[in-house]
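Quick note on UniProt numbering: the sequence shown kicks off at 1 and runs consecutively.
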Amino acid sequence: MMRLGPNGRVCSRQAITAAIAGSALVAAAVAGGPATADLRDDKRKVEAKIEKLHDDLDDTSTKLIEANALLEETQAKLPAARNALAAAQQAQADAQARNEQAKADLARAQADEQKASADLEATAAEMRDTQSRIANYAAQLYQEQGTGTLELALETSDLQQLTDRMVMADTLGDIQSDALAQLSTSNASLRATQDFLTATREKVADAQRATEATLAEARAATATAAQAEADLESLLDTREKAAAALDSEREAEKQRLAEYEDQSDEITTKLKEIEARQRREAAERRKREEEERKRAAAAAAAAQNNSGGTNSGGSGGTSSSGGTGSSGGSGGSTNPPPSGGFLSTPVPGAWVSSEFGMRYHPILNYWRLHSGRDYAASCGTPVYAAAPGSIVSAGWGGGYGNQVVIAHGLVDGDSLATTYNHLERIVATGGSVARGQLVGYVGTTGLSTGCHLHFEARVSGVPKDPRNWL
1 MMRLGPNGRV
11 CSRQAITAAI
21 AGSALVAAAV
31 AGGPATADLR
41 DDKRKVEAKI
51 EKLHDDLDDT
61 STKLIEANAL
71 LEETQAKLPA
81 ARNALAAAQQ
91 AQADAQARNE
101 QAKADLARAQ
111 ADEQKASADL
121 EATAAEMRDT
131 QSRIANYAAQ
141 LYQEQGTGTL
151 ELALETSDLQ
161 QLTDRMVMAD
171 TLGDIQSDAL
181 AQLSTSNASL
191 RATQDFLTAT
201 REKVADAQRA
211 TEATLAEARA
221 ATATAAQAEA
231 DLESLLDTRE
241 KAAAALDSER
251 EAEKQRLAEY
261 EDQSDEITTK
271 LKEIEARQRR
281 EAAERRKREE
291 EERKRAAAAA
301 AAAQNNSGGT
311 NSGGSGGTSS
321 SGGTGSSGGS
331 GGSTNPPPSG
341 GFLSTPVPGA
351 WVSSEFGMRY
361 HPILNYWRLH
371 SGRDYAASCG
381 TPVYAAAPGS
391 IVSAGWGGGY
401 GNQVVIAHGL
411 VDGDSLATTY
421 NHLERIVATG
431 GSVARGQLVG
441 YVGTTGLSTG
451 CHLHFEARVS
461 GVPKDPRNWL
């Protein structure tokens with residue numbers, strides 16, 4: 001559930017955790033998707049980092065954490081985006097190369113097809129010419145051999161004419177035989193050329209399909225590369241804006257923390273004034289007690305003089321006893337501390353998420369004091385007074401959120417006060433409180449990123465480690 005402080009700031013630790021963890025795992029997915037075990041390991045590392053971040057930044061604004069998370073998320077995605085762009089550009093180049101090769105193969109296949117078609121036509125024309133010549137030779141030979149050789153010899157009186165006609169007939173027979181042989185060869189060549197043309201046409205069809213496929217692949221690779229480039233440019237733009245937003249939030253956070261310190265200083269000033277009054281009242285009380293002791297001593301001396309020397313020793317003993325009692329009363333300005341320390345745990349059963357001490361701010365990059373002890377508990381968990389005292393203030397405390405300040409008087413000579421911060425709701429608003437009395441409920445108001453109680457112990461108004469009194 002989202003919670004808002006009076007300043008309108010969203011204070012949802014769970015929401016921030018989900019945002020940071022989600023961004024880190026998205027970066028892993030963009031990078032190509034590691035194995036499931038690696039993803040689980042990455043998730044554990046991210047969650048540990050987030051938990052440490054929250055421990056360090058419980059009093060940091062949500063906007064600053066979100067701005068820092070966005071920048072880190074964008075930075076984490078950039079290497080994967082650059083790799084994706086390089087891979088897409090390489091795939092585009094490879095696809096275009098395959099397309100160029102397919103087009104070259106298609107051109108060669110088409111050229112082979114054209115040559116095969118021309119060869120087929122030439123062979124067919126040659127066969128037709130040969131067939132025509134064979135027909136002519138056959139007709140002529142038939143005419144020449146229409147009569148037998150004997151009949152030709154009887155009919156011809158000229159021996160030379162007979163010889164010429166017989167030679168011509170033999171020549172025509174030889175020519176016809178050659179033409180038939182050539183026709184047979186041409187016919188075989190025609191069949192081979194037809195087979196080659198058929199195979200070539202299949203190659204052309206295959207090359208055409210390959211060309212179309214590689215063209216589509218190249219176009220898809222080009223689109224992927226363009227998208228990868230656009231994604232990278234978008235990430236770079238997001239990083240630039242996120243860096244600017246983080247710089248702005250850093251400055252705003254420094255201002256908020258300065259105001260936070262001013263509010264702490266105001267508490268210190270107020271508690272120092274209370275301490276001065278307490279010490280003044282204690283001094284006046286001691287003065288009155290001293291005056292009463294002196295009057296009692298004078299009265300005892302006068303009584304001793306009146307009663308004679310017999311009772312003077314007993315009176316002296318009584319006077320000494322009174323002095324001891326007076327001294328004890330002077331030292332008992334507070335209730336006796338319980339076993340284990342003067343202060344009780346304000347949220348019983350809660351675990352301590354952050355101790356008092358110097359803390360390095362991982363976003364602002366400097367050391368600062370974490371001025372109290374943080375008790376992690378669900379919003380709405382009861383918060384109790386750690387010791388009896390008087391409520392100094394109860395209400396809105398700026399970066400402290402809803403705050404209650406309780407003064408406990410002088411404890412071992414120190415002016416001790418406790419503060420209860422980021423409360424969801426305040427119950428004790430004034431007057432005196434007893435140890436274990438309900439003060440309010442755990443919340444996440446002010447500069448807070450999750451439900452917890454920021455508990456402070458202050459001596460003379462200055463924050464000290466609460467463990468000294470717990």
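The beta-carbon is built from N, C-alpha and C at its ideal position, and this holds for glycine as well.
- One or two residues paired with Q227 in a DSSP bridge: DSSP output for Q227 lists no bridge partner at all.
- Closer than 6 Å by C-beta to K103: which residues in its own chain qualify, once you throw out the five before and the five after it? Chain order, please. T211
- Item | Residue of S390, T193, A109, Q304 minimising C-alpha distance to G430 | S390
- Relative to the C-alpha of I406, which residue among A428, D265, R133 is closest? A428
- Item | 6 Å Cβ shell around T324 - same chain, five flanking residues per side excluded | Bear in mind that the predicted position of T324 carries a pLDDT of just 33, short of 50, making it too unreliable to give a figure here.
- Item | Cβ-Cβ separation, A207 to N99 (assumed contact under 8 Å), whole Å | Contact flag wrong, Cβ pair sits at about 12 Å.
- Message: What would DSSP say about N468, mapped onto helix, strand or coil?
- Response: helix
- Query: CB L70 to CB A252, shorter than 8 Å?
  - Reply: no
- Item | Pick from R239, L235, A125, N306 that is closest to N187, judged by C-alpha positions | A125
- Item | Beta bridge counterpart(s) of G389 as assigned by DSSP | V433
- Alpha carbon to alpha carbon, how far is L453 from L369? 17 Å
- Message: For the pair the stretch 441 to 459 and the stretch 379 to 393, tell me if three or more CB-CB distances fall below 8 Å.
- Response: yes
- Cβ neighbours of A220 in the same chain (closer than 8 Å, five flanking residues each side left out): A95
- How far does the beta strand (DSSP E) with L453 in it reach, from first residue to last? 452 to 459
- With 16 other CB atoms within 10 Å as the buried threshold, where does K294 fall? exposed
- Item | Rounded separation between M358 and E292 - CA only | 49 Å
- Query: Run through DSSP, which three-state label would P79 get?
  - Reply: helix
- Query: Which residues mark the beginning and the end of the beta strand (DSSP E) in which A405 is found?
  - Reply: It should be noted that the sequence gives Val, not Ala, for residue 405. Its beta strand (DSSP E) spans residues 402 to 411.
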